[in-house]
Amino acid sequence: MKQIYLLLALLPMVMGGCTTQEAAQEEVQRVIYLIGDGMGLAQVSMLEIEGGYAPTAFDRAERVALVTTRSANNRVTDSAAAGTALATGTKVNNSVLGVTPDSVELTSMMELARDRGRATGLVVTCYLQHATPAAFYANVPNRGMNEQITEQLMACNFDVLIGGGMRWLDSLHCCQMVERGYQVAYNLEEAMPINSTPLLVLLADKHLPHAPERGDYLPQATQKALDLLAANPEGFLLMVEGSQIDSAGHAKDAAYLLAEMRDFERTVAIAMDFADTHPGTLVVVTADHETGGLSMPSGKSDFTLSESGIDYRFGTGSHSAIRVPAYFYGAGADRFPAMMDNTELAKRLMEVMGLQQ
Ligand SMILES: [Zn+2]
Numbered sequence: 042m043k044q045i046y047l048l049l050a051l052l053p054m055v056m057g058g059c060t061t062q063e064a065a066q067e068e069v070q071r072v073i074y075l076i077g078d079g080m081g082l083a084q085v086s087m088l089e090i091e092g093g094y095a096p097t098a099f100d101r102a103e104r105v106a107l108v109t110t111r112s113a114n115n116r117v118t119d120s121a122a123a124g125t126a127l128a129t130g131t132k133v134n135n136s137v138l139g140v141t142p143d144s145v146e147l148t149s150m151m152e153l154a155r156d157r158g159r160a161t162g163l164v165v166t167c168y169l170q171h172a173t174p175a176a177f178y179a180n181v182p183n184r185g186m187n188e189q190i191t192e193q194l195m196a197c198n199f200d201v202l203i204g205g206g207m208r209w210l211d212s213l214h215c216c217q218m219v220e221r222g223y224q225v226a227y228n229l230e231e232a233m234p235i236n237s238t239p240l241l242v243l244l245a246d247k248h249l250p251h252a253p254e255r256g257d258y259l260p261q262a263t264q265k266a267l268d269l270l271a272a273n274p275e276g277f278l279l280m281v282e283g284s285q286i287d288s289a290g291h292a293k294d295a296a297y298l299l300a301e302m303r304d305f306e307r308t309v310a311i312a313m314d315f316a317d318t319h320p321g322t323l324v325v326v327t328a329d330h331e332t333g334g335l336s337m338p339s340g341k342s343d344f345t346l347s348e349s350g351i352d353y354r355f356g357t358g359s360h361s362a363i364r365v366p367a368y369f370y371g372a373g374a375d376r377f378p379a380m381m382d383n384t385e386l387a388k389r390l391m392e393v394m395g396l397q398q
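The sequence shown begins at 42 in my numbering and counts up by one.
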């Protein structure tokens, strides 16, 4: 009996100890979430091989994980379901943005961050209504509902929005955005002197041009967004998408893919450099799924040769079911496990930011 009393007396102390330990893990205030659409491990390997094995920004990662990507209804996910998983921590059916199979509308981590007074931003090389960025603000039963998605984009109240999408976010809609307080620019040079938010930069009817035709757009727009969001003392969440890694995989175009990977890698470096100079910043780099079933077999089977060459082969013009890599750098990087589902990655990220619902 005495032992039981002792145990009961000790229990609150033990539990109290745990709570104190958890509280000691500080909330991460600033998060840069980089999503390479369609970027599997083969795409990152191709970047390394074609760069002569010179170190890349990916090599700076302090933790690496392998992430499963299946959607609620398909072992091969599309970008809408995978984007929703990465934005909300919940699986939905393919083609759906932010609505569960039971018709529950989900709230994204970007919306939670906004509601907690953190600064928020989206920077993409596709149109802002496209699946990955839309997963952070939209709730629609089908990703093709661009008019409805545009209405939801206009209501999202994020501080920085940079990408394409004038096809639906036309001049009339832009006037409404100005009425809502947004500064609107139509090229990056025009946006550079603007030093306050909210800011909308619309650069294309739909997708932006391919890399390298769009120049330094993605690294520069990311740096601009970081400069603007860093002004918020409560911190920020910025999502940056290398949107066209996916397009290159769909096109089975190795040269296009390499150009997109190089552009994305330079952007990852910008994010990591920011984390170096702003302690308390976490950089997460991952993909929604792999596109193209890219493999890189030896060009010749004779390994007595000094160099056999490498073929870049695409097994599909669609997505594949393989795990994708995730790279973590900066504050809280050690709080992610090595093997995760994409929903767990998002849930952990929300936990690290102190954004649990
Ligand atoms: Zn995708």
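Cβ atoms here follow ideal geometry from the backbone N, Cα and C, with glycine treated the same way. Model, not experiment: these values are computed from the prediction.
(1) Just the residues with CB closer than 5 Å to a heavy atom of ligand 1, in chain order, which are they?
(2) Between residue 176 and residue 113, how many whole angstroms is the CB-CB distance? I'm expecting something under 8 Å.
(3) If you follow the beta strand (DSSP E) that residue 380 is in, where does it begin and where does it stop?
(4) Within 10 Å of its beta-carbon, does residue 24 have 16 or more other beta-carbons around it, so buried, or fewer, so exposed?
(5) Output the residue ranges of the alpha helix (DSSP H) runs that lie fully inside the region 105–161 and measure 4 residues or longer, sorted by chain position.
(6) Report yes if the CB atom of residue 359 is closer than 7 Å to the CB atom of residue 167, and no otherwise.
(7) Applying the 10 Å Cβ sphere with the 16-neighbour rule, what's the burial state of residue 344?
(8) Does residue 144 pass the burial test, meaning 16 or more other C-beta atoms within 10 Å, or should it be called exposed?
(9) For the beta strand (DSSP E) containing residue 245, list its first residue and its last residue.
(10) What distance in whole Å lies between the Cβ atoms of residue 267 and residue 200, which are believed to be in contact at a cut-off of 8 Å?
(11) Say yes only if the C-beta of residue 189 is nearer than 6 Å to one or more non-hydrogen atoms of ligand 3, and no if none qualify.
(12) Check whether the region 312–327 and the region 359–376 touch, using three or more Cβ-Cβ pairs below 8 Å as the test.
(13) Report the CB separation of residue 335 from residue 91 in whole angstroms; it is logged as a contact under 8 Å.
(14) Name the residue from 251, 258, 160 and 81 whose alpha carbon lies nearest to the alpha carbon of residue 242.
(15) Roughly how many whole angstroms lie between the Cα atoms of residue 328 and residue 214?
(16) Can you give the Cα-Cα distance for residue 165 and residue 136, rounded to whole angstroms?
(17) If you run the structure through DSSP and keep just helix, strand and coil, what is residue 103?
(18) Counting C-beta neighbours from all protein chains within 10 Å, is the total for residue 197 16 or more, i.e. buried, or is it exposed?
(19) Could you name the residues of the same chain whose beta carbon sits closer than 6 Å to that of residue 226, not counting the 5 residues immediately before and after it, in chain order?
(20) Per DSSP, what kind of secondary structure is residue 332 in: helix, strand or coil?
(21) Rounded to the nearest angstrom, how far is the Cβ of residue 367 from that of residue 346, given a contact under 8 Å?
(22) Tell me the residue span of the alpha helix (DSSP H) that contains residue 191.
(23) Name the two residues that bound the continuous alpha helix (DSSP H) containing residue 258.
(24) If we ignore side chains and look at the alpha-carbon of each, how far apart do residue 184 and residue 111 end up?
(25) Given this structure, state the Cα-to-Cα distance separating residue 209 from residue 186, to the nearest angstrom.
(26) Note down the Cα distance separating residue 397 from residue 391, rounded to an integer number of angstroms.
(27) Name the one or two DSSP bridge partners that residue 355 has.
(28) In whole angstroms, what is the alpha-carbon distance linking residue 304 and residue 288?
The structure says:
(1) Qualifying residues come out as 78, 120, 287 and 329.
(2) For this step, residue 176 is matched to residue 135 along the sequence shown. For this step, residue 113 is matched to residue 72 along the sequence shown. Actually they do not touch by this definition, with Cβ atoms about 14 Å apart.
(3) Here residue 380 corresponds to residue number 339 of the sequence shown, with the count starting at 1. Where residue 380 is concerned, the enclosing beta strand (DSSP E) stretches over 380–382.
(4) The requested residue 24 does not occur in the structure, where the chain is confined to residues 42 to 398.
(5) Listed in chain order, they are 120–129 and 150–156.
(6) The sequence position of residue 359 within the sequence shown is 318, counting from 1. The sequence position of residue 167 within the sequence shown is 126, counting from 1. No, these two residues do not count as a Cβ contact at 7 Å.
(7) Your numbering for residue 344 matches position 303 in the sequence shown. Exposed is the call here.
(8) Position 103 of the sequence shown, counting from 1, holds the residue named residue 144. A residue is called buried once 16 or more other Cβ atoms fall within 10 Å of its Cβ, and residue 144, having fewer, is exposed.
(9) As a working mapping, residue 245 is identified with position 204 in the sequence shown. That residue, residue 245, is in no beta strand (DSSP E); it is neither H nor E in DSSP.
(10) Indexing the sequence shown from 1 puts residue 200 at position 159. Indexing the sequence shown from 1 puts residue 267 at position 226. Cβ-Cβ separation between residue 200 and residue 267: approximately 12 Å, too far for a contact (criterion under 8 Å).
(11) What this structure holds is ligand 1, not ligand 3.
(12) Yes: the two stretches touch, three or more of their Cβ pairs being nearer than 8 Å.
(13) In the sequence shown, the residue the question calls residue 335 occupies position 294. In the sequence shown, the residue the question calls residue 91 occupies position 50. About 13 Å; that fails the 8 Å criterion.
(14) On the sequence shown, position 201 is the one that residue 242 refers to. Measuring C-alpha to C-alpha distances from residue 242 to each of 251, 258, 160 and 81 identifies 258 as the nearest.
(15) Numbered from 1 along the sequence shown, position 287 holds the residue referred to as residue 328. Numbered from 1 along the sequence shown, position 173 holds the residue referred to as residue 214. Just so you know, the alpha carbons of residue 328 and residue 214 end up roughly 31 Å apart.
(16) Here the question's residue 165 lines up with position 124 in the sequence shown. Here the question's residue 136 lines up with position 95 in the sequence shown. Cα-Cα distance, rounded: 19 Å.
(17) Locating residue 103 in the sequence shown gives position 62, where the first residue counts as 1. Residue 103 falls in the coil class under three-state DSSP.
(18) Position 156 of the sequence shown holds residue 197. Buried.
(19) Here the question's residue 226 lines up with position 185 in the sequence shown. Result list for residue 226: 232 and 242, in chain order.
(20) Reading the sequence shown from its first residue, position 291 is the one you call residue 332. Of the three classes helix, strand and coil, the one that applies to residue 332 here is strand, per DSSP.
(21) Numbered from 1 along the sequence shown, position 326 holds the residue referred to as residue 367. Numbered from 1 along the sequence shown, position 305 holds the residue referred to as residue 346. Contact doesn't hold; Cβ gap of about 36 Å is too wide.
(22) Here residue 191 is taken as the residue at index 150 of the sequence shown, counted from 1. DSSP places residue 191 inside the alpha helix (DSSP H), whose first and last residues are 187–195.
(23) Indexing the sequence shown from 1 puts residue 258 at position 217. In this chain, the alpha helix (DSSP H) harbouring residue 258 covers 258–270.
(24) For the purposes of this step, residue 184 is taken as the residue at position 143 of the sequence shown. For the purposes of this step, residue 111 is taken as the residue at position 70 of the sequence shown. So the alpha carbons of these two residues sit roughly 17 Å apart.
(25) Position 168 of the sequence shown holds residue 209. Position 145 of the sequence shown holds residue 186. Going from the Cα of residue 209 to the Cα of residue 186 covers about 11 Å.
(26) What you label residue 397 is simply residue 356 of the sequence shown in a count that begins at 1. What you label residue 391 is simply residue 350 of the sequence shown in a count that begins at 1. Approximately 6 Å, taken between the alpha carbons.
(27) On the sequence shown, residue 355 is found 314 positions in, with the first residue counted as 1. Beta-bridge partners of residue 355 (DSSP): 335.
(28) Counted from its first residue, the sequence shown places residue 304 at position 263. Counted from its first residue, the sequence shown places residue 288 at position 247. Computed Cα separation, rounded: 14 Å.
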